[in-house]
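To convert, note that position 160 of the sequence shown is 163 in this note's numbering; the numbers rise steadily by one, no gaps. Glycine residues also receive a C-beta, built at the ideal position from the N, C-alpha and C atoms. Predicted model only: the values in this text are computed from it and were never measured. Read through the structure below, which is laid out as structure tokens, and then see the notes.
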Amino acid sequence: MGILSREEYHRYLEADRRALGITRSRPRLSGDEVWKFQRLLRAVEYNENCHRSWYHRPGRSLLFVRFHLTSIRLGFTIPPHVFGPGLAIADRGTIVVNSSARVGANCRIDVCVNIGTTAGTDTEAPTIGDDVRISPGAMIFGPITIARNITIGPNAVVNRSFAKPGITIAGAPAREVPAEGTIEPSDPGASVPSGRGLA
4 MGILSREEYH
14 RYLEADRRAL
24 GITRSRPRLS
34 GDEVWKFQRL
44 LRAVEYNENC
54 HRSWYHRPGR
64 SLLFVRFHLT
74 SIRLGFTIPP
84 HVFGPGLAIA
94 DRGTIVVNSS
104 ARVGANCRID
114 VCVNIGTTAG
124 TDTEAPTIGD
134 DVRISPGAMI
144 FGPITIARNI
154 TIGPNAVVNR
164 SFAKPGITIA
174 GAPAREVPAE
184 GTIEPSDPGA
194 SVPSGRGLA
């Protein structure tokens, strides 16, 4: 995974723009903070992979400072080289992602999400497939694999792999739930009404 050419850089930018549902070609001078962050993220990825010569070092450093300051302002801890093309960050707010995680194309991620490692390790992080939607408050951690086209419900705690594509998972700990309906009230996870609250 990663941006390895200028053409691929522009492909990522276009995929992200479409995923965010934006029709303009450039961000507005005022506003569009999340889109601006995502464009900075892709610029950092492109420059780290493709502009490695010594004379590019000052430009890379300046770009990373801008990226770092924007991350702090929006509450994001999202490192480069994690998300595939078509990333859609739903809104500003706390999102923490470990640099060892790998997330496929067309991920939609909401606020207060944590994608992390097993306690006491730095690299045992999730691998998440394409077309995954991560709802507010979800925690996903450990050396697990999430299949493509999965919806992760609000406040889910996901600490095991789910290999079946196209399902909805929710609860704490997470388990598969019907696409229509809710988790039983006796379940320790939160109720997830169908079609509401899912990113």
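Review point. Can you list, in chain order, the residues of its chain whose CB lies under 7 Å from that of R14, leaving out five sequence neighbours each side?
Key: P88
Review point. What is the DSSP secondary structure of T120, reduced to helix, strand or coil?
Key: coil
**Study point:** Where S138 falls, given that 16 or more other Cβ within 10 Å makes a residue buried
**Key:** buried
**Study point:** Host alpha helix (DSSP H) of A46 (start-end)
**Key:** 36-53
Check your understanding: Apart from the five residues on each side of it in sequence, which residues of its chain come closer than 6 Å, Cβ to Cβ, to F70?
Key -> L43, V47
Check your understanding: Going by DSSP, what residues sit across from A91 in a beta bridge?
Key -> R111
Review point. Where does T185 fall in DSSP's three states?
Key: In this prediction, T185 has a pLDDT of 42, which is less than 50 and means its spatial position is unreliable; nothing more can be read from the coordinates.
Practice item. Helix, strand or coil for G198, going by three-state DSSP, please let me know. Key: Low confidence applies here, because G198 scores a pLDDT of 38, under 50, leaving its location unreliable; read the following figure in that light. The answer is coil: DSSP assigns G198 none of H, G, I, E or B.
Check your understanding: Looking at the unbroken alpha helix (DSSP H) that takes in F67, where does it start and where does it end?
Key -> 60-77
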